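**Student:**
Below, the structure is given as structure tokens:
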């Protein structure tokens, strides 16, 4: 158990819809990262937040947005969903801001867009 | 445009033998590399890392080698155990805010 929790575990929705994925980092970790893993693909870094502020941006689509709240939990919002958005979405947390800190991953949310 | 490539999607090894997982990267500015292990229905877990100022880092049965001139790193597992069967991702970071992961190699250690 990494200490990172993600809800929901599974999500099935239709094209055009909007969903919110939630992540609670390990106790004491200030950084939260979001990744997308499509079928047979590696993890694509989407975005990082540190202590409530956006820290780094990767390949995140404009239809996607995220935020980190004062209690440090984070939400990833996916809107105008397309079939290609079906993927595993992982949240990770770390103590610091840089990649020199190992990241602790949650179990992921599997999103299926029909 | 894959910055980190794992060209072998799968690898099968006999228990007790050495497992060698390979990873290539494109950017010579990458300065920190990590290996993560992932079991089904779980998130990746950190395994071992190496800084670009080193060419080898060892932790128990796991050793990571870095060849900067070839932009290549490898993970050696000796001896391999059935519990090592998992998907292994190599990852790197750059400039403190760019994180890249390979597509993973599925290791199967046969008893």
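Residue numbers (our numbering), protein chains in the order written: chain A, 1 to 114; chain B, 1 to 111.
For every residue, glycine included, the Cβ atom is placed at its ideal position computed from N, Cα and C.
On a predicted model such as this, the values are computed, not experimentally measured, just so you know.
1) Taking DSSP's pairing of strands, which residues face residue 14 of chain A in a bridge?
2) Out of B/48, B/26, B/69 and B/81, which has the shortest C-alpha to C-alpha gap to residue 17 of chain B?
3) Under a three-way DSSP split, which group does residue 21 of chain A fall into?
4) Going by Cα to Cα distance, which pick from B/41, B/42, B/29 and B/76 is closest to residue 51 of chain B?
5) Taking a Cβ distance cut-off of 9 Å, strictly less, list which residues of the segment 6-19 of chain B are near chain A, in chain order.
6) Under the assumption that residue 76 of chain A contacts residue 64 of chain A (Cβ atoms under 8 Å), give the Cβ distance between them as a whole number of angstroms.
7) State buried or exposed for residue 55 of chain B, treating a residue as buried only when at least 16 other CB atoms are found within 10 Å of its CB.
8) What are the boundary residues of the beta strand (DSSP E) that residue 24 of chain B is part of?
9) When you compare the CB of residue 114 of chain A with every CB in chain B, is at least one pair closer than 8 Å?
**Tutor:** On the basis of the supplied data:
1) DSSP output for residue 14 of chain A lists no bridge partner at all.
2) B/81
3) strand
4) B/29
5) 6 and 9
6) 7 Å
7) exposed
8) 19-25
9) no
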